[in-house]
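Structure (structure tokens):
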């Protein structure tokens, strides 16, 4: 790696004693191989990644403060997967292609994709990759359905569908009441048991103009 670039993933997971050893390498630009006494010089560019808040880790004594200041030169912050759900279909297609290289192409059902885009992804892209690998293994054929997904993926999508169903019923009910009272919003609000302000908000929400 000398004169090159070394990528260290999950720097926040390193034990504190290993962090101290890494700090010595960065400060002295030397290292010693296991079993050797001779110090070797090294000149490398280091790139680090972590999903932890290192400032908080330093404050709580889990990350070496001097090492933090040493590596905190230029930061690129990636938003979590739940903040960029529009990327999920593209990532799914990428992982399906990568994980099934040399095999028949896999596809994913609309229902399964709905489950994936409704999930919060605490493990971010790495978790998505693992889920896709698991789904490929468990699928009975080349079409991945929601039945190949872990159970926790089904709940957010089901809850979202229930909300949409309730909203559709509410919209239909409000429209019927407005029609019954010839669009008299005061009478409609009274019949619905809500104030006029709430009724106006619902009318805008459901485009009942």
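Residue numbers (the working numbering): 19 to 227. Glycine included, C-beta positions come from ideal geometry on N, C-alpha and C.
Sequence-distant residues of its chain with Cβ nearer than 8 Å to residue i (five each side left out)
i	result
residue 127	161, 162, 163 and 164
residue 98	139 and 142
residue 157	124, 163 and 166
residue 207	213, 214, 216 and 217
residue 168	149 and 152
DSSP bridge partner residues for residue i (one or two, in chain order)
i	result
residue 65	25
residue 59	48
Contacts around residue i, its chain only, beta-carbon distance under 6 Å, and the 5 residues preceding and following it disregarded
i	result
residue 114	124
residue 64	24
residue 50	57
Residue i (DSSP reduced to helix, strand or coil)
i	result
residue 125	strand
residue 41	helix
residue 48	strand
residue 162	strand
residue 102	coil
residue 204	helix
residue 148	helix
residue 72	helix
residue 89	helix
residue 191	helix
residue 119	coil
residue 107	helix
residue 133	helix
residue 80	coil
residue 153	helix
residue 113	helix
residue 221	helix
residue 20	coil
C-alpha gap between residue i and residue j, whole angstroms
i	j	result
residue 166	residue 135	15 Å
residue 47	residue 41	10 Å
residue 146	residue 66	21 Å
residue 77	residue 71	10 Å
residue 84	residue 93	17 Å
residue 28	residue 120	31 Å
residue 130	residue 153	10 Å
residue 79	residue 60	29 Å
residue 101	residue 31	24 Å
residue 106	residue 188	31 Å
residue 211	residue 195	11 Å
residue 53	residue 68	30 Å
residue 228	residue 91	Nothing about residue 228 can be read from this structure; the chain reaches only from 19 to 227.
residue 186	residue 219	15 Å
residue 45	residue 95	25 Å
residue 74	residue 116	36 Å
residue 191	residue 144	44 Å
Nearest-angstrom beta carbon gap, residue j and residue i [assumed within contact, 8 Å]
i	j	result
residue 62	residue 20	6 Å
residue 137	residue 171	5 Å
residue 38	residue 87	No, residue 38 and residue 87 are not in contact; Cβ-Cβ is about 14 Å, not under 8 Å.
residue 222	residue 214	Their Cβ separation, rounded to whole angstroms, is 13 Å, which puts residue 222 and residue 214 out of contact at 8 Å.
residue 199	residue 209	7 Å
Cutoff 7 Å; reference residue i; Cβ partners in own chain excluding five residues on either side
i	result
residue 122	160
residue 193	226
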